[in-house]
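Participant: 1 is the number of the first residue of the sequence shown in UniProt numbering; add one for each residue after it.
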Amino acid sequence: MNETRNGASAESKGRLAEAIREAKTAAADREDVVVELREAARMRLELLAQELEPVFADVPADDLLFDFAISSGTQPRLWIDAVSHVAMGRDRRTFRFVRDTRLGRTVLAESTDMRPVADQVTRYIAERMIERQRWLDGPVTSLRGRTDGETDEAEAVRQSDAPAMPSRAVSAEEAQEAAGPDGDGRGLKGFLSGMGLVLGGAALVFAVAAAIYWDRLAAYVAAN
1 MNETRNGASA ESKGRLAEAI REAKTAAADR EDVVVELREA ARMRLELLAQ ELEPVFADVP
61 ADDLLFDFAI SSGTQPRLWI DAVSHVAMGR DRRTFRFVRD TRLGRTVLAE STDMRPVADQ
121 VTRYIAERMI ERQRWLDGPV TSLRGRTDGE TDEAEAVRQS DAPAMPSRAV SAEEAQEAAG
181 PDGDGRGLKG FLSGMGLVLG GAALVFAVAA AIYWDRLAAY VAAN
């Protein structure tokens, strides 16, 4: 009985070891396929880079806007600048030139033929160089309102030469004329009216207080 169990156990271990070997072999085959596909994609990108090598050489060496490098990884990419690159499609035969924007990824060119993609990359590099040159040559607007190269003294002279805003002081005679001949009389009447209101209010307060405390005051006088 024990011999039967030992034989079954050895047979099951043999099947497990064989299954492990088969799984390792399949994984190695898949890895080989992935490596082969990656190497094939990198090789195609290297061919595209060779096609664009004269264009890359015409870009000034001090221009840091472009990268012109092939990155390694699961999906090799030919980087043109920080936001655009060329990669191979899922079929590993289609070149896809894309650019990342704030609204998402935009496909600039896609073809199994290398030539149209190379032409689009060349056009893109030219447009980017023109944009950069326009930005460098464009006017600079100062936050302080001065022109390019203007010093503090020049800015002060420019501001002093500017036409001043018209201003006119009102004299005492004009103020009196605006008030009219009855201005003093109206002022005195207003003052007297205000004093009358103050005195009337004080008298009213005194009368109310006397009415409230009259009984207490009468009792106090009678007691004395």
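Beta carbons: idealized from backbone N, C-alpha and C, even for Gly.
Fair warning: this is a prediction, and the values are worked out from it, not measured in the lab.
Tell me where the beta strand (DSSP E) around T106 begins and ends.
Facilitator: Here residue 106 is taken as the residue at index 106 of the sequence shown, counted from 1. Looking at the DSSP string, the run of the beta strand (DSSP E) that includes T106 is 104 to 111.
Participant: In this structure, does DSSP put D100 in helix, strand or coil?
Facilitator: Here the question's residue 100 lines up with position 100 in the sequence shown. D100: strand per DSSP, three-state reduction.
Participant: Since I80 contacts F95 with CB under 8 Å, what's their CB separation in whole angstroms?
Facilitator: To locate residue 80, count along the sequence shown from 1; it is residue 80. To locate residue 95, count along the sequence shown from 1; it is residue 95. Contact between I80 and F95 is ruled out by a C-beta separation of about 13 Å, above the 8 Å threshold.
Participant: Which value, in whole angstroms, describes the spacing of the CA atoms of I212 and L199?
Facilitator: What you label residue 212 is simply residue 212 of the sequence shown in a count that begins at 1. What you label residue 199 is simply residue 199 of the sequence shown in a count that begins at 1. Cα-Cα distance, rounded: 20 Å.
Participant: Hey, R99 and P76: beta-carbon distance below 8 Å or not?
Facilitator: As a first step, residue 99 is located in the sequence shown; it is residue number 99 there, counting from the start. As a first step, residue 76 is located in the sequence shown; it is residue number 76 there, counting from the start. Result no, Cβ atoms of R99 and P76 do not sit closer than 8 Å.
Participant: Mapping DSSP to helix, strand and coil, what is A82?
Facilitator: Walking along the sequence shown from the start, residue 82 turns up at place 82. Looking at A82 - three-state DSSP - the assignment turns out to be coil, as it is neither helix nor strand.
Participant: What's the call for L48, buried or exposed, on a 16-neighbour Cβ count within 10 Å?
Facilitator: Taking the sequence shown and counting its residues from 1, one reaches residue 48 at position 48. With a threshold of 16 other beta carbon atoms within 10 Å, L48 meets it and is buried.
Participant: Helix, strand or coil, according to DSSP, for A87 in the structure here?
Facilitator: For the purposes of this step, residue 87 is taken as the residue at position 87 of the sequence shown. Strand.
Participant: Counting Cβ pairs, one atom from each stretch, are 3 or more of them under 8 Å apart for the segment 58 to 74 and the segment 116 to 129?
Facilitator: Short answer: they touch.
Participant: What first and last residue would you give for the beta strand (DSSP E) that runs through residue 228?
Facilitator: With the chain covering 1 to 224 only, the question about residue 228 has no answer from this structure.
Participant: Give a single yes or no on whether Y124 has its beta carbon closer than 7 Å to a heavy atom of the ligand NAD.
Facilitator: Annotation note on the ligand NAD: not contained in the displayed structure, which lists no ligands.
Participant: Let me check one thing: in DSSP terms, what residues is R77 bridge-paired to?
Facilitator: Indexing the sequence shown from 1 puts residue 77 at position 77. The secondary-structure analysis by DSSP pairs R77 across a beta bridge with S71, A87.
Participant: Enumerate in chain order the residues of its own chain whose CB-to-CB distance from R15 is below 6 Å, with the five nearest sequence positions on each side excluded.
Facilitator: On the sequence shown, residue 15 is found 15 positions in, with the first residue counted as 1. So the list is empty, once near-sequence residues are dropped.
Participant: Just to confirm my understanding: we take R115, look at its own chain, exclude 5 residues before and 5 after, and list those with CB closer than 8 Å. What are they?
Facilitator: Sequence index remark: in the sequence shown, residue 115 carries index 115 (1-based). Excluding sequence neighbours, R115 sits near E51.
Participant: Keeping to the same chain, check which residues put their C-beta closer than 6 Å to that of R93; ignore five residues upstream and five downstream.
Facilitator: By one-based count along the sequence shown, residue 93 stands at place 93. Cβ neighbours of R93 beyond the five flanking positions: T112.
Participant: Can you give the Cα-Cα distance for R44 and V107, rounded to whole angstroms?
Facilitator: For the purposes of this step, residue 44 is taken as the residue at position 44 of the sequence shown. For the purposes of this step, residue 107 is taken as the residue at position 107 of the sequence shown. Taking the straight line from one Cα to the other gives about 19 Å.
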